[in-house]
Amino acid sequence: MVRSPDLKAKFNFEHASVMLLDENPLSLNILLQVLTGFGAKHFTRCTDIAKAEDEITKTHFDLIIVDATGPSTTGTKFVSWLRRSGIEPNCYAPVLLTSGHTAQNSVLEARDCGAHFIIAKPLTPLIVLERIIWIAKEGRKFLESDTYVGPDRRFKNVGVPKELEGRRRDDTSIAVEEAEATSMEQGVIETNVQAQKVAQ
Amino acid sequence: MTGVVRFHVPENRLGKLIRSAGGKAVEQAVKDASKGIDSLRGDFLSELSEILAKAEVLSAAVKGADDQGGTDALYGLISASIGVPSACGMTSLDEMLVSLADLIDHFKTHGIWDHQAITIHLSAFRLLLNSESARDSEGAKAILVGLHKVSERFRRTPPAAIST
Chain A
2 MVRSPDLKAK FNFEHASVML LDENPLSLNI LLQVLTGFGA KHFTRCTDIA KAEDEITKTH
62 FDLIIVDATG PSTTGTKFVS WLRRSGIEPN CYAPVLLTSG HTAQNSVLEA RDCGAHFIIA
122 KPLTPLIVLE RIIWIAKEGR KFLESDTYVG PDRRFKNVGV PKELEGRRRD DTSIAVEEAE
182 ATSMEQGVIE TNVQAQKVAQ
Chain B
2 MTGVVRFHVP ENRLGKLIRS AGGKAVEQAV KDASKGIDSL RGDFLSELSE ILAKAEVLSA
62 AVKGADDQGG TDALYGLISA SIGVPSACGM TSLDEMLVSL ADLIDHFKTH GIWDHQAITI
122 HLSAFRLLLN SESARDSEGA KAILVGLHKV SERFRRTPPA AIST
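Residue numbers (my numbering), protein chains in the order written: chain A, 2 to 201; chain B, 2 to 165.
What follows is the structure, encoded as structure tokens:
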């Protein structure tokens, strides 16, 4: 889960190289002001996918923020392309997807394009910073398969849904099955598990 | 699953960078970012007036549910504007834009179009943008409740039963 960062905690964003892709210059400006306030100095601003794809081949980015608003699906197309591009290290770069509104027929596309996080607009500086710090701290695993390339989408292990079979070798169902052996006697449990005082 | 699935942990360059010496405290960074957004306020107010004028023209030009180009253009304009009013402190205007984007998306998804519902939203846009009293908490709340009722009418009624 994302937690609010400690307000006194320091972070250094000065040397981070950031790419911003947003077709709307107004929201691009808002994001630019937010990141400048955080101390970032190295930006590459793109308002179309062609420029963004070109820049990916030229600069190593530490963070990429992409807008996925509207019917054009430029943002999600770009992230999907980036993850499959094989252009290292950018193809593994942290990607934040922002969206003012996600159309009903684009929700799955946004989820599956390979972004680390989706942030709903209106953006507030604290929310954007929380997400950036969270991504920077976690170092999430990357997954590459025929159907998906991107950071592992499983944040917490809540088991495989009841009606489905697990897709991973280590997936186990949360449903409790019939016991294979007789239960332990309470006396045996108490002998093995000794309650201890815990320092407060 | 038939294909090969590969897991690996890429180098976390962003993590190394933000932990390096120097930088800012979170509190200061958030303050500086808010100050930066405030500096845009004047420009954004005139931009919002232009967006409203464009939306009214686009809305009037939509020929009906089949006009995909027209509905896409209006949806694109409205959804792309979400977040701009909040940068000017007009959160109620952002809520109105979300409501309108939801409504247009619903119309597009179900192949319907109701010009009056769109016009009501655009009138609310004009009121919230130009009247400070309408933007106060009570005035804005009443407007947003009204818009919510308009949108709900379409969500509850099966598309076939709505006359367009």
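Positions of the beta carbon are idealized from the N, C-alpha and C atoms, including for glycine.
In this structure, the beta-carbon distance from K122 of chain A to H9 of chain B does not fall below 9 Å.
It is roughly 45 Å from the alpha-carbon of D55 of chain A to the alpha-carbon of S132 of chain B.
Classified as exposed, I190 of chain A has fewer than 16 neighbouring CB atoms from the shown chains inside 10 Å of its CB. In this structure G40 of chain A touches A30 of chain B by the C-beta definition: roughly 7 Å separates them, less than 8 Å. DSSP places H102 of chain A outside both helix and strand once states are collapsed to three, so it counts as coil. Where V19 of chain A is concerned, there is no enclosing alpha helix (DSSP H), although the beta strand (DSSP E) around it starts and stops at S18 to L22. Taking each of A:V80, A:V35, A:F62 and A:L27 in turn and checking the Cα distance to A51 of chain A, the smallest one comes out for A:V80. Residues of chain B with a Cβ closer than 8 Å to the Cβ of I31 of chain A are, in chain order, I38, L41, G84, V85 and A88.
A direct Cα-to-Cα measurement between I113 of chain B and D68 of chain B gives close to 10 Å. With a 10 Å radius around the Cβ and a threshold of 16 neighbouring Cβ atoms, R169 of chain A comes out exposed. Against chain B, a Cβ distance below 9 Å from N106 of chain A picks out D106, K109 and T110. When Cβ-Cβ separations below 9 Å define contact, T120 of chain B makes no contact with chain A. Under the three-pair Cβ rule at 8 Å, the stretch 31-50 of chain A does not count as touching the stretch 103-118 of chain A.
Counting only unbroken stretches of 4 or more residues, the alpha helix (DSSP H) elements lying wholly within the stretch 98-142 of chain B are 116-131 and 133-136, in sequence order. With a threshold of 16 other beta carbon atoms within 10 Å, K17 of chain B falls short and is exposed.
With a cutoff of 9 Å on beta-carbon distance, G4 of chain B and F12 of chain A are scored as not near each other. Taking 8 Å as the upper bound on Cβ-Cβ separation, chain A lies near residues L18, I19, R20, S21, A22, G23, G24, K25, A26, V27, E28, A30 and V31 of the stretch 18-31 of chain B.
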